[in-house]
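Chemist:
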Amino acid sequence: DSWALGVAKESVRRKGRLKVNPEGGVWAVGRCGGQCQALTCPPRPISFPGVTPPEIWGVFLDYEAGRVAFLDARDQSPLF
């Protein structure tokens, strides 16, 4: 299965080709081909040594501080 999860600035275009990275105003993680990665430029692998990747991800957004974090929703541990 492939998927992506993230947040975007209000100013990001909603149609056409989109730059899915922080420079383009999008903070996201995804899974493709069994590999989880942060969709940065270049993409950065997210590893889970000794455990399976979480099935339920959470997104924490502190708008005023300009911070985004991706968490394991089961125990709130940070993933990226």
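Per my numbering: the sequence shown = residues 1 to 80.
We put the beta carbon where it would ideally sit given N, CA and C, even for glycine.
Please read these numbers as outputs of a predicted model, since none were measured by experiment.
#1: What span of residues does the beta strand (DSSP E) with ALA4 cover, start to end?
#2: The beta strand (DSSP E) that contains ALA28, what's its start and end?
#3: Start and end of the beta strand (DSSP E) containing PHE70?
#4: So the candidates are ILE56, TRP3, VAL68 and VAL29; which of them puts its Cα closest to the Cα of LYS9?
#5: May I have the straight-line CA-CA distance separating GLY34 from TRP57, to the nearest angstrom?
Modeler: Based on what the coordinates show:
#1: Annotation: the continuous beta strand (DSSP E) that includes ALA4 extends over 3-8.
#2: 26-32
#3: 67-72 is the extent of the beta strand (DSSP E) around PHE70.
#4: VAL68
#5: When rounded, the distance between both Cα atoms is 16 angstroms.
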